[in-house]
Amino acid sequence: MGVNTELGRFIHCGDTFAVAPSAAPHTVRLYSVQGDHRILACTVSVVGDSAAASWGAAWLGQPADWYTRVEAAAVAVYRAASARREAAS
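The sequence shown begins at 1 in the UniProt record's numbering and counts up one residue at a time.
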């Protein structure tokens, strides 16, 4: 799967986000979708039940629950895509 392939999208607080695979295993990149442009928001590593995000400077200063919800939505998209891939094999 190429790094430009989207695993899925979600909307949070009116903002659209795209989840895409990263070159690193068990890691996704989260992009803010603004018109025809995608802006990297963070990278999320998902290992087992744990997820750790590294946010870009432009996104710092959001409320803690905002990060929690956005990261959880990105992980849900990643896990759903992984389940679809496993079911197809």
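Ideal Cβ placement from N, Cα and C applies to all residues, glycine included.
| Using the beta-carbon count (16 or more within 10 Å), is P25 buried or exposed? | Along the sequence shown, one-based indexing puts residue 25 at 25. The residue is exposed, with fewer than 16 neighbouring Cβ atoms inside 10 Å.
| query | Taking the C-alpha atoms as reference points, what is the distance between S54 and A18? | reply | Here residue 54 refers to the residue found at position 54 of the sequence shown. Here residue 18 refers to the residue found at position 18 of the sequence shown. In a straight line, the C-alpha of S54 is about 16 angstroms away from that of A18.
| Among G56, P63, D36 and V46, nearest to Y78 - alpha-carbon criterion | Counting from 1 along the sequence shown, the entry for residue 78 is found at position 78. It is V46.
| field | C-alpha gap between residue 118 and L30, whole angstroms | value | The displayed coordinates of the chain run from 1 to 89. Any statement about residue 118 would go beyond what the structure contains.
| field | DSSP-derived helix/strand/coil call for D15 | value | As a working mapping, residue 15 is identified with position 15 in the sequence shown. Strand, per DSSP.
| query | Under the three-state reduction of DSSP, which class applies to T43: helix, strand or coil? | reply | On the sequence shown, position 43 is the one that residue 43 refers to. Reduced to three states, the DSSP call for T43 is strand.
| Whole-number beta carbon distance between V28 and V44, since they are thought to touch under 8 angstroms | Indexing the sequence shown from 1 puts residue 44 at position 44. Indexing the sequence shown from 1 puts residue 28 at position 28. V44 to V28, Cβ: 5 angstroms. Contact.
| query | Rounded to whole angstroms, how far is the Cβ of A51 from the Cβ of E71, which I believe are closer than 8 angstroms? | reply | Counting from 1 along the sequence shown, the entry for residue 51 is found at position 51. Counting from 1 along the sequence shown, the entry for residue 71 is found at position 71. Contact holds; Cβ gap of about 6 angstroms.
| Using a Cβ-Cβ cut-off of 7 angstroms (strictly less than) and excluding sequence neighbours within five positions of G56, which residues of its own chain qualify? | Counting from one through the sequence shown, the residue named residue 56 turns up at place 56. Hits under 7 angstroms: L40, A41 and C42.
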